[in-house]
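A.B. asks: Residues in the sequence shown are numbered consecutively from 0, following numbering that gives the first Met the number 0.
Cβ coordinates follow ideal geometry from the N, Cα and C atoms, glycine included.
Computed from a predicted model, the values in this text were never measured in an experiment.
Here you go, one structure.
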Amino acid sequence: MTKYIFAILFSFLTIGLFGQDKKVIITGKVTDALNLPLSEADVFIGNKADSAKISSTTTDENGLFNLEINSQEKPIYLIIDDALEGTYKKSFETLKSDTDLGTIVINPMVYDLKEVVVSNVEPIVVKHDTIEYNADSYKVKPNANLEALIRELPGFEIADDGSITANGKSISEVLIDGESFFGTDGKVALENLPADIIKKIQVSDFKTKSEKFSGERSKSDKSSLNITLKEGKNSGYMVKATGGYGTGDHYESNLMANYFKGKRRISLIGSSTDVASSGMVNGEGSRGRGGMGRRASNGITTNTSIGLNYNDQLSDNLKIGADYRLNHSYNKNENYTHQENLNPDNVFTTTSNTNTKSETYGHNLGTNLEWTKKNTKIYFYPSFNNSSTKSSTIGDSESVNQDGDLKNTTAQNNNTKTDANTFSNLISINQKLKNKSYFDLNSNISVAKTDATTREISNALFFDGSRADTYRNVNTKNTNKNNSYNFDLKYTLPITDSISVAIGSSYTYADQETNNYSLNYNDLTGKFDEINSDLTRLFTTKSSLYNPYAQFLLNKSKLSASLNIGANIYNQDNYGLYKSNAESLTINKTLPQLQGNIRYQSGNNMLMFMYNYSTSLPTAAQLLKIEDQSSLTNKTVGNPDLDPNKSHNFNVMFGNFDRKTRQGFNANIGYTYNESSITNSIVTNEDLTRNITYENVKGNYSISGSFFFNKQYQKGINKFRLNLGLSSRYGLNQGYNQNIMYKSFNTTLSPTIRLNWDYGDNLTISPLYQLSFTKSKYENYQISGQENITHNFGLNTNSTWFKNLVWTNNFSYNYNSRMAAGFKRDFFLWNTSLMYRFFGDKLEAGVKVYDLLNQNNSYTRTISDQYISDEKNNILTRFVMFSLTFNLNKFGGKSQEKDEFSPRDENGPRPNRPNGSGGRMMPPPGR
């Protein structure tokens, strides 16, 4: 079959390179019934015979369009589709010469699409500051979740902790149909939303509640992600449930249920699995995902969770929502670490073996209320989180110098019980006045407390006679409080239609406390009744930050800008108690605040420049001369002479997407200069223990850049996509080691290339190659530098046989150029699955094999300025799992079937028309 695939590919390339068909141009102008131009209306041309799309474009701001295609001998169709006005269609038996259609009036009361079926839509559409991805244009395996779909989108990256970046910008919120879904961090949606119910993924600039209310342009360097679902109608339900059982008694089960009635939506999700860290989604070994918002950690995790989400529009003015999550997880891991510790005069090695177990129960409750009436909007979002964890750690380590001499060993057996509670409340009040000015009041309150009790039995043995051995049998109670109260009031006054000024003030008060109280075990009494003065300590910090500021705002159709000038007035009272010695330190500082951005957008081009000067004070632990001896081999103490952190950050972003050529790119360049930063100062003793304190350094900097390019090409039923990515970073990091300032010049370079070939709906082939190169050059170190290269090659295939049988493969090869002895440098990972749909796609049975070659491993390398660490953790290896999925969608009293669809059907229900007139709002008198 391979030779046929290559023959087809060669044929397409030959046609593209040598085809000499005559070109014809179709032009026209699109207006509504009032003769107002319709901008950004979609224009499609396709073959009548097979409904395959030939070309497409959008109208410009004057309603004009221009399409160049090959001369057509066979019947074709033209469809013009506007989001509000409706659809226009026209058929041609042939098209052999340039054609001007003149002015086309779209009447929303008259349109009929029964004669034409559009089998293709644009994978990517750019409208103003929003990039819209059509979910059906990206193929994932059956039962895949939202995370698997997002990984297919060009320019997207998902980190191990679940954080998302899109085209170099981090995603700060994830919404479902514009509403929160178990919070806005998106982790629950990533893991639980089935990919096949998703219609669009929209990326736009993140806006605060105040910016959404006022219509201001975003001033953030972050993005917002909105997921729209395939509702079809506003009344009905959808249920999807999966259960699976496999070799080694492995199991998994998932439930996703949605109920719709008007603007009311109720969602129920649940999952239970012991393969939460198998990486079944993306074939990344231990970097898989758990359920209910818990990101998978090292080791093997069993996870059970259930959650309920509710959103409703109770009236024209009031919108409410609530969600609750219950989670139980159990994690077990065996870790082996080989770490080379870098010093200016020597390199010593520490090896350790650690076995950990942890069990967590968590409760998360969140509610939201949004009230809007005329010129007033109030947003209220309280939430409460509770978690209870029991964990145990058994481990040992040894350190040898560069000559191989054993210097110390440690052993520990710890058991900890932790209870954590957090209450937070966000309030936003926005009020417009008669002169078009407006007030914004925002408040964010958080009250958090964590109580932990640890039973520790440990020892540290030293072999050079420089210090006495350490033995511990202690019970430690640790209490952490972290309360913060923030209020921000701003008044904005428009000067002209595009220029506004604002004055405001914010106030933040924080109350923090860390209290460690340790008791030694008394052999005589059999109780813990002797205070361990080395481990008992207290830190408290009470701080306030007053920030008066002024803003200048420019908001034109193509150009927007903002400038924020103010002052940060700090007051911080630090107190500590250690071995009956009290330490206190008060800091009063007034530092400037400066923030600005300029954004220019014309058509598909966007250019943004951002600058931010940020400051922060050292913590109490960094300032007070109180020893932290909780580590068996390290001792940390603060430095009262520290200066605040001060940094300058510059960012330039540029983006373009051309719908005519179906290609686009995004570029991002960032520069950070640290005028003052706090770094560790480490002194290593002869017994290889360390004394650590803190120092200020000046001049650390980093330059980072990213570039993402994507291109789509279509010929008949064949679709080709090319995604190129490049991220890089170069920086200087300074610190102190053995009282000598060292310098580390660090370079990283990570190119990525991904290809996609879709042969209709029957076959998808997607190869991927990623390279990561890191290099460090040192000054005042025993070694001059180090470098490392990793290669990752992946090949994903998705093929459909006999309409209902789907075969999916995820194959990858991973190579790391430098690993310590005993760590394997490379491995293959092959996951495969076979799924069969029956009973009208309501049931799906399947079998999947994870790690077919039984080579999976979790070997990782971490390179920093102070150490090179190689780690090995527990990981799931080969197993086979059989599963059965039940899928039922029912809307408007009928089961949801696969119907022929027009562009508007594909893009969802047509928006409600203003004033119920079926057209655009009437212009003001005299227009």
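Terminal residues of the continuous alpha helix (DSSP H) containing Glu151?
C.D. replies: 145 to 151
A.B. asks: Taking C-alpha atoms, which residue in Ala410, Val846, Leu224, Lys697 lies nearest to Ala165?
C.D. replies: Leu224
A.B. asks: What are the start and end residues of each continuous alpha helix (DSSP H) run of 4 or more residues lying completely inside the stretch 494 to 539, in chain order?
C.D. replies: If we require 4 residues or more, the stretch 494 to 539 turns out to have no alpha helix (DSSP H) run fully inside it.
A.B. asks: Since Glu131 is in the beta strand (DSSP E), which residue starts that stretch and which ends it?
C.D. replies: Where Glu131 is concerned, the enclosing beta strand (DSSP E) stretches over 129 to 133.
A.B. asks: Just the Cα atoms here: how many angstroms apart are Ala560 and Tyr548?
C.D. replies: Put simply, the backbone Cα of Ala560 is about 16 Å away from that of Tyr548.
A.B. asks: Nearest CA to the CA of Leu558: which residue from Phe744, Ala147, Glu215?
C.D. replies: Glu215
A.B. asks: Around the C-beta of Asn434, are 16 or more other C-beta atoms found within 10 angstroms, so that it is buried, or is it exposed?
C.D. replies: exposed
A.B. asks: Between Asp31, Arg817, Ser765, which lies nearest to Gln785 when the distance is taken from Cα to Cα?
C.D. replies: Arg817
A.B. asks: So which of Asn779, Ile25, Leu762, Lys221 has the shortest CA-CA distance to Tyr741?
C.D. replies: Asn779
A.B. asks: Under the rule that 16 or more other beta-carbon atoms within 10 Å means buried, what is Gln401, buried or exposed?
C.D. replies: exposed
A.B. asks: Just to confirm, does Ile788 get its C-beta within under 7 Å of one of the non-hydrogen atoms of the ligand SAM?
C.D. replies: Ligands are entirely absent from the displayed structure, and the ligand SAM is therefore not among its contents.
A.B. asks: Tell whether a beta-carbon distance below 8 Å holds between Asp439 and Ser209.
C.D. replies: yes
A.B. asks: Taking DSSP as the reference, what is the three-state secondary structure of Gly403?
C.D. replies: coil
A.B. asks: Please confirm if Asn738 has its CB atom under 8 Å from at least one CB of chain D.
C.D. replies: The structure shown contains no chain D; it is built from a single protein chain.
A.B. asks: For Asp468, which residues from the same chain have a beta carbon less than 7 Å from its beta carbon, with the 5 sequence-adjacent residues on both sides left out?
C.D. replies: Asn458, Ala459, Leu460, Phe461
A.B. asks: Quickly, what does DSSP pair Arg598 with across the bridge? List them, please.
C.D. replies: Ser559, Met607
A.B. asks: Take the Cβ of Ser285 as the centre, count every other Cβ of all protein chains shown within 10 Å, and call the residue buried at 16 or more, exposed below.
C.D. replies: With a pLDDT of 30 at Ser285, under the threshold of 50, the modelled position of that residue is not reliable, and the figure given next carries that caveat. Classification of Ser285: buried, given that the 10 Å Cβ count is 16 or more.
A.B. asks: Taking the Cβ atom as the reference point for each residue, do Lys331 and Ile299 lie within a distance shorter than 8 Å?
C.D. replies: yes
A.B. asks: So Asn872 and Asn413 are in contact, right, with Cβ under 8 Å, and what is the actual spacing, rounded?
C.D. replies: Actually they do not touch by this definition, with Cβ atoms about 19 Å apart.
A.B. asks: Distance check for Thr303 and Glu251, CA to CA, integer angstroms please.
C.D. replies: 10 Å
A.B. asks: Expressed to the nearest angstrom, what Euclidean distance is found between the alpha-carbon atoms of Ser497 and Leu552?
C.D. replies: Looking at the two C-alpha atoms, the distance is approximately 8 Å.
A.B. asks: Pull up the distance between the alpha-carbon of Ser901 and that of Asp41, whole angstroms please.
C.D. replies: At Ser901, the pLDDT of 39 sits below 50, so the modelled position is not reliable; the number obtained from the coordinates is stated separately. When rounded, the distance between both Cα atoms is 12 Å.
A.B. asks: Exposed or buried, what is Ala194 when buried is set at 16 or more other beta-carbons lying within 10 Å of its beta-carbon?
C.D. replies: buried
A.B. asks: Grab the span of the beta strand (DSSP E) containing Glu39 for me, first residue to last.
C.D. replies: From DSSP, Glu39 is part of no beta strand (DSSP E); its letter is neither H nor E.
A.B. asks: Does DSSP classify Asn191 as helix, strand or coil?
C.D. replies: helix
A.B. asks: Apart from the five residues just before and just after Lys476, which ones in its own chain have a Cβ nearer than 7 Å to its Cβ?
C.D. replies: Correct list, in chain order: Thr452, Tyr516.
A.B. asks: Secondary structure at Ser162, three-state DSSP: helix, strand or coil?
C.D. replies: coil
A.B. asks: Leaving out five residues before and five after Arg720 in sequence, what residues of the same chain have Cβ atoms less than 6 Å from its Cβ?
C.D. replies: Taken in chain order, the residues that qualify are Gln711, Asn755.
A.B. asks: What separation, rounded to the nearest whole angstrom, lies between the Cα atoms of Gly101 and Leu63?
C.D. replies: Distance between the alpha carbons of Gly101 and Leu63: 10 Å.
A.B. asks: Give the secondary structure of Lys113 by DSSP, where H, G and I count as helix, E and B as strand, and everything else as coil.
C.D. replies: Its pLDDT being 40, under 50, Lys113 is placed unreliably in this model, and the coordinates cannot settle the point.
A.B. asks: Are the Cβ atoms of Thr371 and Asn310 separated by less than 8 Å?
C.D. replies: no
A.B. asks: Using a Cβ-Cβ cut-off of 6 Å (strictly less than) and excluding sequence neighbours within five positions of Asn340, which residues of its own chain qualify?
C.D. replies: Phe347, Tyr866
A.B. asks: On a Cα-Cα basis, can you pick out the residue from Phe180, Ile226, Asp344 that is closest to Ile940?
C.D. replies: The requested residue 940 does not occur in the structure, where the chain is confined to residues 0 to 926.
A.B. asks: I'd like the list of long-range same chain contacts for Tyr768, defined as Cβ closer than 6 Å, with 5 residues on each side in sequence excluded.
C.D. replies: Ile752, Phe792
A.B. asks: Any contact of the stretch 613 to 630 with the stretch 584 to 593, i.e. 3+ C-beta pairs under 8 Å?
C.D. replies: yes
A.B. asks: Since Leu364 is in the beta strand (DSSP E), which residue starts that stretch and which ends it?
C.D. replies: 346 to 372
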